[in-house]
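One structure below.
Residue numbers (our numbering), protein chains in the order written: chain U, 1 to 514; chain R, 1001 to 1478.
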């Protein structure tokens, strides 16, 4: 029983309930402040948990002090701060939560991004108003995401996975792009319906696992996995991978993503890209690989293939975008493709790369969506042609940050985006010995070409938006360059981008796989 | 037929309801009193009888009480009524549903054109039939009990005595007569093949092969079709939307929770106690898949609240039939219980809104989460339970359990149909939920909600929340 982890789950939810119970007017005024305090608590709490986990006395700290960590099977749970109580015994469902080196960094990322979104809402809220409900929904999303990252029971994982959906649907539908009510409703519906289809398919996979192994417990399944690469285990793996691929998303299941990201309000886009997509990749690492190791080997080449297509297709789509938010959304498809490729190699390098890519993508794309939102708010449009060029002259600080984030995102060495993609490609060079190496090397080459296209579209973005003749695009007098709240909320992301780029061992040391 | 042994305790609940029905009519015959007082007396008597029935059910929950039995030539004794865990679970659901309808029809809520005593008499008669149906273990008792549920239902639909109600009642009546005829046809053939009307004996005497088995199979299909009309499984559903739409909302709630649960109860008893040897799983599974798909797809296009609930209730019946195709009675009853709780609550809100806005369109609910937070948030919860998504965890768990029994039974195609229908169903309910959250509102819906309506909506919402946190209680019903 760990009180801290339970508190991390309960506190944001309690905060949301409190915001809904308070009278609307009072709640609207207090919402952002309360949200910041609550999510700040969660951030501090998860940081404390990470510190306890990694330092002397924690399960990892002691081993690490003595030398390297032992290598473990990929994704296998080595739970810390566990709580395990029976919930629905007749269906074999338990409330089993716990964290380890794989989930804790993602929990930290979630806590950080939600905190920044709440802090951002102190000053900047979408035109629809109703701040209390918006912040409350963000907090419910936080509970759902942290719950998914800490669930050690398949059904509990599924439940938390679904908790996120309705709040995010509302965030897009109510607070989305105010120019296009029909479009944002369509985007929200497509997001929620496709994700539910994916999660229902994933649930069928979980039920097949239960049918084969007789338990939903991820820890028990990790110790005693479902073996066999054909028949029912393969069907289970295909269902789970297919369902999670919608969330991640992997081409061609990504069609919900561009609209959802483009129509969502800034905080919605940040959480969608920064956190929600990771539920998919985390699920692949946590559930698919350790529970169905042999069936995973069977489907890994296909997963890798679709991921590689995603890298190229996402990047090519970016070249054709005229909307800055859609462009960043499509870039997520490409980046999640690298993560999928890393997972599919099933090698230590590839998995470390995928997990590092998860964190890096969350930080960098979070920053990119904050910036895109800032540009959109200032010009009341996110259309590149309407915004015009020469942002260096008109909004020098924001333009500089956009260039910085673009460089980080295209994988410039020294910034966070580099390590994930490099390791994923290294993993494709040395895939798991049971996988066809030649195929993976071809995919590595294609992915390499994808990085070039990524560089091309980000540089094109910088060129089309930031550079240009200031005389032709006069600065709008009312537009403020970087405001104080923007500086405060974006600074942590900038710092993390540099820190993770220069010192990747900060995370990589804890991921040691066979 | 000589009855050799009976346990009168087994018939305590139906008997109590029947006596209460007569009492309601008798008391109303007395003169004097205001309309309000007469309504209170009728409603109070009904509620007291139903609560007493629930208490008896709770007391009997561990018992095995066979009634109207005779010793068979071979095999176990043949009984016409049996109280066993399955009966108890179904009774709990049926009586709770009945109690909800009684409170929904309190004075001031029930349509003023409806005579309260007649309404409550019919309601009690139907409940009596429903409880007998859940306990019935022979074919004739089942048919009679089913008629006892159906006949009062048509009368209730027509109680407002206007054109729409009469038309709706006539439609339901014709379909029901047809379904009874079809069912009796099947029953007669089953009797011809097995020489018995008792389910236990029918179950043992169904031949394993040959022509007689084919006849028995066809007869089983006819009986199944009879029940399919009753629960409005596709393609026997055409009467339902018009009837739901034409009836007063309280009566629609009755049809959706009591009448439908009674049909499901009869079907469960028939398939698990009488015809397990026929292996109708494939047929039931097909019926489930078609029913949920047609119901949900048609619901997608509805603009009226009651019609949407009507079509989506067809979709829900599909999900109810799915675990039945996998022989998982526990899940059927759990699903039914969750469905009853939230459907009652949803009809409570619909009745509330329609009293003030008779149009009954989905757009009437616009912005209700803000202007009527209690009723609005409750309705959102009910709809999400029906959709099976958090925060409606109880709906999620019952759908999960249904899917689990189907997957464990190896019915992959049915599981696929369920997965697709979860998505379509969600699309149906989200349209309504979106209206509830939408702003700005020109004419916000804001009224003083009557106490009984608050009680029903609040109780249902509370039950949905409690069952979401502790779903185990639901699966302990049977």
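Where a beta carbon is used, it is the ideal one built from N, C-alpha and C, also for glycine.
In this text the structure is predicted, and so the values were computed from the model without any measurement.
CB contact flag (residue i, residue j, <8 Å)
{"i": "residue 1065 of chain R", "j": "residue 1138 of chain R", "result": "no"}
{"i": "residue 512 of chain U", "j": "residue 431 of chain U", "result": "no"}
{"i": "residue 1280 of chain R", "j": "residue 1368 of chain R", "result": "no"}
{"i": "residue 337 of chain U", "j": "residue 423 of chain U", "result": "no"}
{"i": "residue 501 of chain U", "j": "residue 418 of chain U", "result": "yes"}
{"i": "residue 1419 of chain R", "j": "residue 200 of chain U", "result": "yes"}
{"i": "residue 1460 of chain R", "j": "residue 1320 of chain R", "result": "no"}
{"i": "residue 239 of chain U", "j": "residue 197 of chain U", "result": "no"}
{"i": "residue 1243 of chain R", "j": "residue 1172 of chain R", "result": "yes"}
{"i": "residue 163 of chain U", "j": "residue 218 of chain U", "result": "no"}
{"i": "residue 960 of chain R", "j": "residue 1392 of chain R", "result": "A query on residue 960 of chain R cannot be resolved here, the shown segment of chain R reaching from 1001 to 1478 and no further."}
{"i": "residue 1201 of chain R", "j": "residue 1072 of chain R", "result": "yes"}
{"i": "residue 1206 of chain R", "j": "residue 1104 of chain R", "result": "no"}
{"i": "residue 1342 of chain R", "j": "residue 1464 of chain R", "result": "yes"}
{"i": "residue 1149 of chain R", "j": "residue 1141 of chain R", "result": "no"}
{"i": "residue 1480 of chain R", "j": "residue 1083 of chain R", "result": "No answer is possible for residue 1480 of chain R: the residues shown for chain R start at 1001 and end at 1478."}
{"i": "residue 408 of chain U", "j": "residue 466 of chain U", "result": "no"}
{"i": "residue 470 of chain U", "j": "residue 333 of chain U", "result": "no"}
Classification of residue i by the beta-carbon crowding that lies within 10 angstroms, buried from 16 upward
{"i": "residue 1405 of chain R", "result": "buried"}
{"i": "residue 1196 of chain R", "result": "buried"}
{"i": "residue 1365 of chain R", "result": "buried"}
{"i": "residue 302 of chain U", "result": "exposed"}
{"i": "residue 335 of chain U", "result": "buried"}
{"i": "residue 1209 of chain R", "result": "exposed"}
{"i": "residue 68 of chain U", "result": "exposed"}
{"i": "residue 185 of chain U", "result": "buried"}
{"i": "residue 1282 of chain R", "result": "exposed"}
{"i": "residue 223 of chain U", "result": "exposed"}
{"i": "residue 1163 of chain R", "result": "exposed"}
{"i": "residue 1413 of chain R", "result": "exposed"}
{"i": "residue 454 of chain U", "result": "buried"}
{"i": "residue 1019 of chain R", "result": "exposed"}
{"i": "residue 51 of chain U", "result": "exposed"}
{"i": "residue 290 of chain U", "result": "buried"}
DSSP three-state assignment for residue i, whether helix, strand or coil
{"i": "residue 1082 of chain R", "result": "strand"}
{"i": "residue 1304 of chain R", "result": "strand"}
{"i": "residue 95 of chain U", "result": "strand"}
{"i": "residue 1068 of chain R", "result": "strand"}
{"i": "residue 412 of chain U", "result": "coil"}
{"i": "residue 434 of chain U", "result": "coil"}
{"i": "residue 216 of chain U", "result": "coil"}
{"i": "residue 72 of chain U", "result": "strand"}
{"i": "residue 151 of chain U", "result": "strand"}
{"i": "residue 513 of chain U", "result": "strand"}
{"i": "residue 1233 of chain R", "result": "coil"}
{"i": "residue 1136 of chain R", "result": "strand"}
{"i": "residue 179 of chain U", "result": "coil"}
{"i": "residue 1005 of chain R", "result": "strand"}
{"i": "residue 361 of chain U", "result": "helix"}
Residue interval of the alpha helix (DSSP H) (run including residue i)
{"i": "residue 110 of chain U", "result": "103 to 121"}
{"i": "residue 1105 of chain R", "result": "No alpha helix (DSSP H) holds residue 1105 of chain R; DSSP gives it neither H nor E."}
{"i": "residue 20 of chain U", "result": "3 to 21"}
{"i": "residue 1242 of chain R", "result": "1239 to 1246"}
{"i": "residue 1180 of chain R", "result": "1163 to 1194"}
{"i": "residue 297 of chain U", "result": "293 to 319"}
{"i": "residue 1038 of chain R", "result": "1035 to 1059"}
{"i": "residue 1439 of chain R", "result": "That residue, residue 1439 of chain R, is in no alpha helix (DSSP H); it is neither H nor E in DSSP."}
{"i": "residue 1336 of chain R", "result": "1329 to 1356"}
{"i": "residue 330 of chain U", "result": "324 to 345"}
{"i": "residue 244 of chain U", "result": "231 to 247"}
The beta strand (DSSP E) enclosing residue i, as first and last residue numbers
{"i": "residue 88 of chain U", "result": "80 to 88"}
Any non-hydrogen atom of the ligand ADP within 7 Å of residue i CB
{"i": "residue 1211 of chain R", "result": "With respect to small molecules bound, the structure shown includes none, and the ligand ADP cannot be examined in it."}
Q: Tell me the start and end of each unbroken beta strand (DSSP E) in the stretch 1358 to 1383 of chain R that is at least 3 residues and wholly inside, in chain order.
A: none
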